[in-house]
Structure formats: C-alpha cells, structure tokens
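Working notes, structure below.
In the working numbering, the protein residues as written are 22 to 164.
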C-alpha cells in the first residue's frame, strides 16, 4: 500500500524479504539517504503469484526492470518459500516464452548472460521442493 514501510535498514546494503497480503501487482520503492542529506529513489514493479498453493517470493536485485543494460547482463535473484520446509529446489531465467537461458539448482542465482540488443520480457522463475512455482517478470532493454 502507498506509504507503508516494509523494511528499514541502516547501512549501505538492503537484503530483505517482504510479505505481501495477496496475489497481484505491487510497486516497490526503495529510498536511500546519504550522510550529506541527499535522497536516492528506485522503483520496481513486483508481480506476486502464489496461486499455485505456495507462499513465497523472488527478490530480483539485478537487472532492475524498465532499464537499459549492456551485455552480458548481470542477473542476481533470491527465492524464498515460506510454507515449504524443504525450501527452493531451482531457479530459472527465461529470456522469451519457453526459452530457458539459465537454470541453477539453488535458492539464489548470480550469473551473466550474453544477450543481443533489443527489448526482453524476462521471467525469473523458482520452484520449491513442495511443487509450488513462483515468478518475477522483468522488462529490460539491452543496448
């Protein structure tokens, strides 16, 4: 909801999981303050899809959706399953519908992919060990 603080962290890095009340599209805004009084803001859309029966999330820290990036594109994401005690089984990056560009059998990924110039509707997907699927869509332009 607008104006609702989900997390506050002192320091130069933020690594947090945020719970959402229901499936749907949300706009997140990260606001950072430096010691000189400057404010820095970054927004990103988040799609929560827990309709597979699982409760979990994917936090994508790179690339930021709706940005222009250069190849190779640096992908960093973490997944969490809150109601599956066995945790996340795998994560995958789709660069187009049905195009598996990268898969890792872990709850996090950190990789660089060489992509041709153009606009991509990326989907980062995770599976937990209980059979639930989570997705995080991103749109990027490679220059």
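Every residue, glycine too, gets a C-beta built ideally from N, C-alpha and C.
For residue 142, the nearest candidate out of 130, 55, 89 (CA to CA): The candidate whose alpha carbon is nearest that of residue 142 is 89.
Ends of the beta strand (DSSP E) at residue 125? Element bounds for residue 125: 120-125.
Given this structure, state the Cα-to-Cα distance separating residue 161 from residue 134, to the nearest angstrom. Rounded to whole angstroms, residue 161 to residue 134 spans 13 Å at the Cα level.
Residue 163 and residue 136 look like a contact to me (Cβ under 8 Å); what is the Cβ gap, rounded to whole Å? Confirmed, about 5 Å.
Whole-angstrom Cβ separation of residue 33 and residue 81, contact assumed at under 8 Å? Not quite, the Cβ-Cβ distance comes to about 19 Å (not below 8 Å), so this is no contact.
Rounded C-alpha distance that separates residue 155 from residue 146: Taking the straight line joining both Cα atoms gives about 6 Å.
What three-state label does DSSP hand residue 150 in the structure shown? Assignment of residue 150 by DSSP, reduced to helix, strand and coil, places it in the coil class.
Taking 9 Å as the cut-off, decide whether the C-beta atoms of residue 111 and residue 127 are in contact. For the 9 Å CB-CB criterion, residue 111 and residue 127 form a contact.
On the DSSP bridge list, what partners appear for residue 48? Bridge partners of residue 48: 66.
To the nearest angstrom, report how far apart residue 77 and residue 84 are at their CA atoms. Near 20 Å, if we compare the C-alpha coordinates of residue 84 and residue 77.
Which value, in whole angstroms, describes the spacing of the CA atoms of residue 120 and residue 59? Cα to Cα, the separation comes out at about 42 Å.
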